[in-house]
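2 protein chains.
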Amino acid sequence: MLARMPDAAAPGLTISQVAERTGLSVHALRFYEREGILAHPVRREAGGRRVYAERDVEWLSVCVVLRASGMPLPDIRAYTDLVRQGPGNEEQRLVLMRRHQERVVEQMARLSESYDLISYKVRVYEDLVEQGGEARAC
Amino acid sequence: MLARMPDAAAPGLTISQVAERTGLSVHALRFYEREGILAHPVRREAGGRRVYAERDVEWLSVCVVLRASGMPLPDIRAYTDLVRQGPGNEEQRLVLMRRHQERVVEQMARLSESYDLISYKVRVYEDLVEQGGEARAC
DNA sequence: CTAGCCCCTAGAGGCGGCTCTAGGTCAACT
DNA sequence: AGTTGACCTAGAGCCGCCTCTAGGGGCTAG
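Here the protein sequences come in this chain order: A and H.
Following the working numbering from start to finish, the first sequence increments by one per residue and tops out at 138.
Following the working numbering from start to finish, the second sequence increments by one per residue and tops out at 138.
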């Protein structure tokens, strides 16, 4: 065998497979686990190796999106804790998500303002370069 | 006098005035200066205190926007260097700005994808909370 | 048996970007 | 004369988020 059998029937995933699928590094995966960013404890093979399930990949993919949109790890952790506790705390999850949603909206607004300035600068320099004038720009 | 005269005629600005106007902290301003993020050297009063001009505020405001949109300090520094060198390198400035523009576009795209997921989650939890059902969500 | 590879833990290290501290100067008010 | 307060420098420290190292285990192929 080339590698530890993926075992198509009950697909336990190795850490590096999960890394590949989530885009997180192997190191980051172990780090996230230490930080409590996993809704369910990871199973371990004899020998101590992590065996991930599909749902872990799904969960981590959500986390990747949350991170990518700037949710801090402590918040992701809090959210994870709520999910781990199971049904009954949906209001709290909603609060967390809404707060993050607002932050994302703000971010998008700031970003598009910045974009306007940057585009303006680009236009200015394009004109300046195109006609090689002796004008100066800031 | 309450404070060092702002002197409306030839308006030299103190560091704290610049901090207030740019939104940067006094510490950050000194740090930026050390890092070469100022197109023109700041004048100094007898006693060594910085005396900023309006154009410094303008320049720093641009930098704030660039930072806010995720341009790393080394890039801002490179841009500053080009500007400091004066006219003649507009192509290079254009390259820098265009590259950043692309990054901003990517960022906006990623952010709006994230926004979709987050909004979906918010909707799911809203429904769940509203009708207090016994359904479970991830 | 050895080599190669993937995995493990615990903890150190690094990077970006500030932020703060220590110790001092100077000018202005009281 | 003393106090206040804004400023100075050099450099240490901090926070978030990983990333890497050291030291080790164990399977599998050749």
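All C-beta atoms in this analysis are idealised placements derived from N, C-alpha and C, irrespective of residue type, glycine included.
Keep in mind it's a predicted model, so treat the numbers as computed, not measured.
Distance between A/Leu73 and A/Phe31 (C-alpha atoms, nearest Å): By 1-based counting over the first sequence, the position of residue 31 of chain A is 31. By 1-based counting over the first sequence, the position of residue 73 of chain A is 73. The alpha-carbon atoms of A/Phe31 and A/Leu73 are separated by roughly 11 Å.
Straight-line gap, A/His40 to H/Asp75 (C-alpha atoms, nearest Å): Counting from one through the first sequence, the residue named residue 40 of chain A turns up at place 40. Counting from one through the second sequence, the residue named residue 75 of chain H turns up at place 75. About 42 Å.
Those residues which DSSP pairs with A/Arg50 across a bridge: On the first sequence, position 50 is the one that residue 50 of chain A refers to. In the DSSP output, where bridge partners are listed per residue, A/Arg50 has A/Arg44.
Any chain H beta carbon closer than 9 Å to A/Leu38: Here residue 38 of chain A refers to the residue found at position 38 of the first sequence. False, the Cβ-Cβ gap to chain H never drops below 9 Å.
Partners in chain A for H/Leu128, counting only beta-carbon separations shorter than 7 Å: Here the question's residue 128 of chain H lines up with position 128 in the second sequence. Residues of chain A passing the Cβ test: Glu90.
Per DSSP, the bridge partner or partners of A/Leu13: In the first sequence, residue 13 of chain A corresponds to position 13, counting from 1. In the DSSP output, where bridge partners are listed per residue, A/Leu13 has A/Tyr52.
H/Ser114 versus A/Arg103, A/Ser25, A/Pro11, residue with shortest Cα-Cα distance: Residue 114 of chain H sits at position 114 when you count from the first residue of the second sequence. It is A/Arg103.
Any C-beta of chain A under 9 Å from that of H/Gln101: Position 101 of the second sequence, counted from the first residue, corresponds to residue 101 of chain H. With 9 Å as the cut-off, H/Gln101 counts as an interface residue toward chain A.
Chain A within 9 Å of H/Gln85, Cβ atoms only: Here residue 85 of chain H corresponds to residue number 85 of the second sequence, with the count starting at 1. It does not: the Cβ of H/Gln85 has no partner Cβ on chain A nearer than 9 Å.
Any chain A beta carbon closer than 9 Å to H/Ile76: Reading the second sequence from its first residue, position 76 is the one you call residue 76 of chain H. Judged by the 9 Å Cβ criterion, H/Ile76 is not in contact with chain A.
Exposure of A/Arg84, with buried meaning 16 or more beta-carbon neighbours within 10 Å: The residue labelled residue 84 of chain A in the question sits at position 84 within the first sequence. Flag for A/Arg84 reads exposed.
Within-9 Å CB hit, H/Arg110 to chain A: Start at 1 with the first residue of the second sequence, and residue 110 of chain H comes out as number 110. Taking Cβ atoms only, chain A reaches closer than 9 Å to H/Arg110, which makes this a yes.
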